[in-house]
Every structure is written in C-alpha cells, then in structure tokens.
Amino acid sequence: MFFNTVLVVLTDLAARFLGSAIFRKHFHLVLSVLVMFGPALSFWVSQHSVFAKKTHFLYRIFLRSGWGWTCIFVGSFVFLLSFSIRRSISLSIRHLSRLGAAGGLWVGFCKLLDLLENTTGSCYERLLNSPEVANGQPLLVLQEGASKSECLRAGMLWRGYEVSEDVFLLCLCCLLLAEEIAVFGPYLKLGGFSGGPLRILFLFCVLLLWLWIFLLLCLLAYFPQFPTQLLGGALGCLSWRGLYQSWYRLGPSWYCPGRPGQGLLNTKTNGAAAEDKLNHDHCN
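When you number the sequence shown by this note's numbering, it's gap-free, plus one each residue, and the end is 284.
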C-alpha cells in the first residue's frame with residue numbers, strides 16, 4: 001500500500017510537470033541553451049572525475065545503446081497506454097510508428113554524417129618518436145589513398161568534418177521522450193485508468209529522460225568539442241521540429257501517424273478540448 005501511494009504521488013507530480021504548457025513550450029529552448037553553453041562547464045569540472053573517462057559504465061551501457069533504451073521504454077509505454085484505452089492493435093501500431101519514423105531519420109542522418117566525414121577527411125600517421133612537437137602534440141604525416149576503415153584499422157588518425165552523433169542522439173531522444181510521455185498528464189486529468197504497470201513504465205521514461213540530460217551535460221562538460229557538438233544538437237532539434245512540429249501535425253492518415261495522444265484523449269466529453277490543448281501547447 002505504501003509503495004503504491006508513493007508511486008501514485010510521484011507519477012502524478014511528474015505527469016503534471018511534463019504535461020504543463022510551460023514545460024512543453026520551453027523544453028527545447030532549455031535544451032538548446034544547454035548545448036550552446038554546456039562546454040563552458042569544462043572550466044569548473046575536474047578532469048579526474050569518473051565521468052571524465054569514456055570507459056565509465058554509464059557511457060558504455062546507456063550512451064552506446066541510447067536509441068535502443070529509448071525505444072524499449074517509450075515503445076512499451078506508448079503501446080500499453082494506447083492499447084489500454086482503445087484495445088486496438090492497429091491504433092497502437094500507428095502510434096508506435098512514430099518511433100519507427102524517428103529511428104529511420106536517425107539512421108539516415110548517421111549514414112549521411114559518416115559519408116560526409118569520409119568524403120572530407122584524410123588519414124594521418126602519428127610520429128611518436130619525432131623530436132618536433134607542435135602545441136604539445138606529436139606531428140602528423142598525411143597518408144594518401146587510405147579510407148577511413150583502413151586508416152583506423154592501421155591505428156592511425158582520421159580527421160574530417162564531424163558532427164557529434166552522440167549529442168545528436170541525446171537531443172533527439174530527450175525531445176522525443178518529452179513529447180511521448182507528456183500525454184500522460186492530460187490522460188490522468190480525464191480520469192483514465194492508470195494501473196501500476198503503466199505508472200511504473202511512465203516513471204522509467206521520466207528517469208530515462210533525466211539520465212539523457214545528465215549524460216548530455218557530461219559530454220559537453222568533460223569532452224567539449226566545438227562546433228561539432230553544437231551542430232549535433234542543432235540537427236537533433238531540427239529532426240524533432242520536422243517530425244513533431246511539422247509532419248505529425250498533418251493528422252492521422254496512411255502517410256502520417258499523427259501526434260502523441262491523438263485519438264486517445266477523447267474518452268470523456270471534455271477530452272477533445274484537452275487533446276486539442278495538448279497538441280497546440282508547442283505553438284509559438
């Protein structure tokens with residue numbers, strides 16, 4: 001009983017905050033400010049911290065599989081919420097297709113970024129034994145004709161035009177999470193059924209959102225790379241705007257999955273008004 005009470009209180013508070021108009025209108029702006037000024041934290045953080053090592057378990061377990069974790073928790077929440085309301089597999093699949101579209105966009109952009117880096121890059125070999133040093137770094141000798149894969153296999157350096165895929169992924173996942181779980185607040189206001197499994201999934205999604213924000217701050221503070229991280233953050237925000245603020249607003253159809261909560265929140269007489277308010281909270 002005590003655990004259930006704590007669960008209800010925590011999920012109600014989180015749902016009210018994430019579903020508020022202030023959060024929905026300004027979260028992407030807060031995320032943009034973090035990406036722009038986060039590298040300035042490198043002047044205050046200690047490089048001896050455990051988070052200053054890329055081998056930290058948070059980076060290895062979560063960052064390298066960020067999209068997988070997001071799909072598992074958000075997909076489970078979206079499916080359970082939509083199916084518990086309408087009992088329709090087709091409707092649940094339609095709402096899940098938003099994750100598929102975002103995943104396809106992410107994979108496509110990653111391939112384009114790899115192509116850009118391969119096209120604009122060159123391979124360099126370190127001269128570790130050379131007495132000549134520039135800015136405290138060993139001299140590099142250009143190696144002609146080597147591809148990126150051959151270069152890295154040989155233990156050499158590949159330098160090209162980069163966009164931070166980690167920052168791109170974290171920004172996209174944060175914005176996607178905020179969009180998909182914000183529907184839970186209006187759903188609870190309408191008196192929708194909210195059992196323990198649904199609330200636990202929602203709470204896991206909230207914790208995952210804060211974990212992604214924390215890892216984003218760690219990357220910006222301990223591994224600052226300007227302007228590659230700024231470009232990655234901009235690409236993540238543009239992807240979110242193109243999906244959730246443009247395409248998904250066209251409404252449910254054979255070519256569009258619709259917005260989060262569309263077709264789910266009108267279970268009560270005032271549900272249509274609540275759904276319309278939720279869907280227009282991001283209008284600026």
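Backbone N, C-alpha and C fix where the C-beta goes; we use that ideal spot for every residue, glycine too.
Between residue i and residue j, what straight-line distance do the alpha-carbon atoms span, to the nearest angstrom?
i           : j           : result
residue 15  : residue 182 : 7 Å
residue 1   : residue 8   : 11 Å
residue 154 : residue 124 : 10 Å
residue 228 : residue 51  : 20 Å
residue 230 : residue 171 : 11 Å
residue 36  : residue 22  : 21 Å
residue 42  : residue 224 : 7 Å
residue 5   : residue 161 : 52 Å
residue 19  : residue 226 : 33 Å
residue 97  : residue 147 : 36 Å
residue 54  : residue 48  : 12 Å
residue 101 : residue 255 : 11 Å
residue 262 : residue 84  : 15 Å
residue 33  : residue 249 : 26 Å
residue 213 : residue 174 : 7 Å
residue 211 : residue 57  : 13 Å
residue 268 : residue 193 : Caution applies to residue 268, whose pLDDT of 43 falls short of 50 and renders its modelled position unreliable; the value that the coordinates give is listed next. Approximately 12 Å between the Cα atoms of the pair.
residue 117 : residue 149 : 12 Å
residue 297 : residue 107 : The shown model of the chain, from 1 to 284, leaves out residue 297, and the question about it has no answer.
With DSSP as the reference, please indicate the residues paired to residue i in a beta bridge.
i           : result
residue 157 : 124
residue 246 : Bridge partners of residue 246: none, in fact.
residue 256 : 253
Going by DSSP, what residue range makes up the alpha helix (DSSP H) through residue i?
i           : result
residue 1   : From DSSP, residue 1 is part of no alpha helix (DSSP H); its letter is neither H nor E.
residue 222 : 196-222
residue 25  : 21-37
residue 178 : 165-181
residue 188 : 184-189
Considering only the beta carbon of each residue, do residue i and residue j sit closer than 7 Å?
i           : j           : result
residue 239 : residue 113 : no
residue 168 : residue 73  : no
residue 265 : residue 197 : no
residue 77  : residue 92  : no
residue 220 : residue 38  : yes
residue 251 : residue 258 : yes
residue 179 : residue 244 : yes
residue 209 : residue 177 : yes
residue 121 : residue 159 : yes
residue 163 : residue 232 : yes
residue 68  : residue 99  : no
residue 11  : residue 126 : no
residue 237 : residue 165 : no
> At which residue ranges does the stretch 52-97 contain complete alpha helix (DSSP H) runs of 4 or more residues, listed in the order of the chain?
Replying inline: Here the runs fully enclosed are 57-61, 66-86.
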